[in-house]
Amino acid sequence: MPELPEVENVARTLRPRLVGTRVLGVEASGLPLRRPVDLARLRAACKNARVTSVRRVGKYLLLELSSEKVVLAHLGMSGRLVFAASSEPRRPHTHALFALEGGLDLRYVDPRRFGVLRVYDLAQLEASPELSVLGVDPLEDGFSADYLHEALAGTRRELKGFLLDQGCIAGLGNIYACEAMFLAGVAPRRRTNRLSRNRAVDLHRAIRSVLETGIANRGTSFSDYVDADGEAGSNQDALWVYGREGEPCRTCKSLIKRVVQGARSTFYCPRCQR
DNA sequence: GCATTACCCTGAAAGC
DNA sequence: TGCTTTCAGGGTAATG
């Protein structure tokens, strides 16, 4: 389940082999992802264009091209963007394939098809329906303790729902939201407007910390996630609460609890988080 | 404005 | 063993 750290690692592993490389052609399975894939538009944007940069915004990957177009990709729940030799057989659920010069492919594989693959004009990217609604990226300078405190104070939602809202903070998903709440010592059902400035400072620090740790550990690989080189991450071994229902808290030994909020599981320590 | 629910989808795990 | 059911969840839309 790719969240910000996993997408960041995909971007980092794509860059060395992708930037400066020419795309020779594009193929697609014809099956829709979360939205249909417009193969004609992809081909027109990519054919004989060079990749000029690979960026990440929230959970979105952006491949900028010399054609002044941008390929926007979201990996959904089970999506992978991986390199493969063009001679290598295609794995099942390969929904897009970018043939690169040098005999290499970049392949988009997504069994559950919750992902997104679209093309935008570079000049219109920021106004796209995907990016225009995003809040601040938590690794960017704009994500300060002040920003977070103000955003928390401006609503009275439950904290967990706030953290998952990409319009507030772009890039947190279920795993890192749970981990950040644990590190900050805040209960998932706490109303955001009831959090003091000190608690906001703690939460800000915790969000940065769990994301940076996730990146350093090359992502959390529970089932599907691998980077562009096909390598799994190790952050699943460093989690405090996520997926640990009924197991002892690593800090106080209380049993980790699970509740459902907005149809998503939330894991927390009832003693450490208040 | 916000919470809840359904939906999209497939593979893994659980249940029988 | 083998079949069926349940569950997982990111984002969106509909509903209350």
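In our numbering, the protein residues as written are 210 to 483. Even glycine gets a Cβ: it sits at the ideal position worked out from N, Cα and C. No experiment lies behind these values; they were computed from the predicted model shown.
* Asked: With C-beta atoms as the reference, is Cys484 less than 8 angstroms away from Tyr477?
  -> Coverage of the chain is limited to positions 210 through 483, which leaves residue 484 absent and any answer about it impossible.
* Counterpart residues of Val450 in DSSP-defined beta bridges -> Walking along the first sequence from the start, residue 450 turns up at place 241. Partner(s): none; Val450 has no beta bridge.
* Rounded to a whole number of angstroms, what is the C-alpha to C-alpha distance between Gly324 and Leu404? -> Against the first sequence, residue 324 aligns to sequence position 115. Against the first sequence, residue 404 aligns to sequence position 195. Rounded to whole angstroms, Gly324 to Leu404 spans 34 angstroms at the Cα level.
* Could you check the C-alpha separation between Glu212 and Arg289 for me, to the nearest Å? => Residue numbering aside, residue 212 sits at position 3 when the first sequence is read from its first letter. Residue numbering aside, residue 289 sits at position 80 when the first sequence is read from its first letter. Each residue's alpha carbon lies about 12 angstroms from the other.
* CB of His304 within 8 angstroms of CB of Val246, strictly -> Reading the first sequence from its first residue, position 95 is the one you call residue 304. Reading the first sequence from its first residue, position 37 is the one you call residue 246. For the 8 angstroms CB-CB criterion, His304 and Val246 form a contact.
* Asked: Under a three-way DSSP split, which group does Asp314 fall into?
  -> The residue labelled residue 314 in the question sits at position 105 within the first sequence. Looking at Asp314 - three-state DSSP - the assignment turns out to be strand.
* Asked: Is it true that the CB of Gly351 sits closer than 8 angstroms to the CB of Val342?
  -> For the purposes of this step, residue 342 is taken as the residue at position 133 of the first sequence. For the purposes of this step, residue 351 is taken as the residue at position 142 of the first sequence. In this structure, Gly351 does not lie closer than 8 angstroms to Val342 by Cβ.
* Taking the continuous beta strand (DSSP E) assigned at Thr364, which residues delimit it? -> Position 155 of the first sequence, counting from 1, holds the residue named residue 364. From DSSP, Thr364 is part of no beta strand (DSSP E); its letter is neither H nor E.
* Mark Cys461 as exposed unless 16 or more other C-beta atoms lie within 10 angstroms of its C-beta, in which case mark it buried. => As a first step, residue 461 is located in the first sequence; it is residue number 252 there, counting from the start. Cys461 is exposed by the Cβ-count criterion.
* Environment of Asp355 [buried if 16+ CB atoms lie within 10 Å] -> Here residue 355 corresponds to residue number 146 of the first sequence, with the count starting at 1. Within a 10 Å sphere around the beta-carbon of Asp355 sit fewer than 16 other beta-carbons, which makes this residue exposed.
* Considering only C-alpha positions, which residue in the set Leu223, Gln482 and Leu281 is nearest to Arg408? -> For the purposes of this step, residue 408 is taken as residue 199 along the first sequence, with counting starting at 1. Closest option to Arg408, Cα to Cα, is Gln482.
* Asked: What number of angstroms, rounded off, separates the C-alpha of Pro397 from the C-alpha of Ala254?
  -> Residue mapping note: residue 397 aligns to position 188 of the first sequence, counting from 1. Residue mapping note: residue 254 aligns to position 45 of the first sequence, counting from 1. Roughly 44 angstroms separates the two Cα atoms.
* Endpoints, beta strand (DSSP E) assigned at His304 -> Working through the first sequence from its first residue, we reach residue 304 at position 95. First-last of the beta strand (DSSP E) with His304: Thr303 to Leu309.
* Asked: Which runs of the beta strand (DSSP E) spanning at least 3 residues fall entirely within the segment 262-294, listed in chain order?
  -> Every beta strand (DSSP E) stretch that sits fully inside the segment 262-294 and reaches 3 residues is listed by chain position as 269-274, 278-283 and 289-294.
* Leu357 in three-state terms, based on DSSP -> Counting from 1 along the first sequence, the entry for residue 357 is found at position 148. Correct three-state label for Leu357: helix.
* Taking Cβ to Cβ, would you say Gly370 is nearer than 8 angstroms to Gln445? -> The residue given as residue 370 occupies position 161 in the first sequence. The residue given as residue 445 occupies position 236 in the first sequence. Cβ atoms of Gly370 and Gln445: not closer than 8 angstroms.
* Asked: Cβ of Ala294 within 8 angstroms of Cβ of Tyr317?
  -> Position 85 of the first sequence, counted from the first residue, corresponds to residue 294. Position 108 of the first sequence, counted from the first residue, corresponds to residue 317. The answer is no: Cβ separation not under 8 angstroms.
* Asked: Less than 8 angstroms separating the beta-carbons of Val263 and Leu227?
  -> Mapped onto the first sequence, residue 263 falls at position 54. Mapped onto the first sequence, residue 227 falls at position 18. It is a contact, given that the beta carbons lie within the stated cut-off.
* Identify whether Gly370 lies in helix, strand or coil by the three-state DSSP scheme. => The residue you call residue 370 lines up with position 161 of the first sequence. Correct three-state label for Gly370: helix.
* **Local Cβ density within 10 Å of Pro298, reported as buried at 16 or more and exposed below that** => Along the first sequence, one-based indexing puts residue 298 at 89. Per the 10 Å Cβ criterion, exposed.
* Between Val216 and Leu270, is the Cβ-Cβ spacing less than 8 angstroms? -> In the first sequence, the residue the question calls residue 216 occupies position 7. In the first sequence, the residue the question calls residue 270 occupies position 61. For Val216 and Leu270, yes; Cβs fall inside 8 angstroms.
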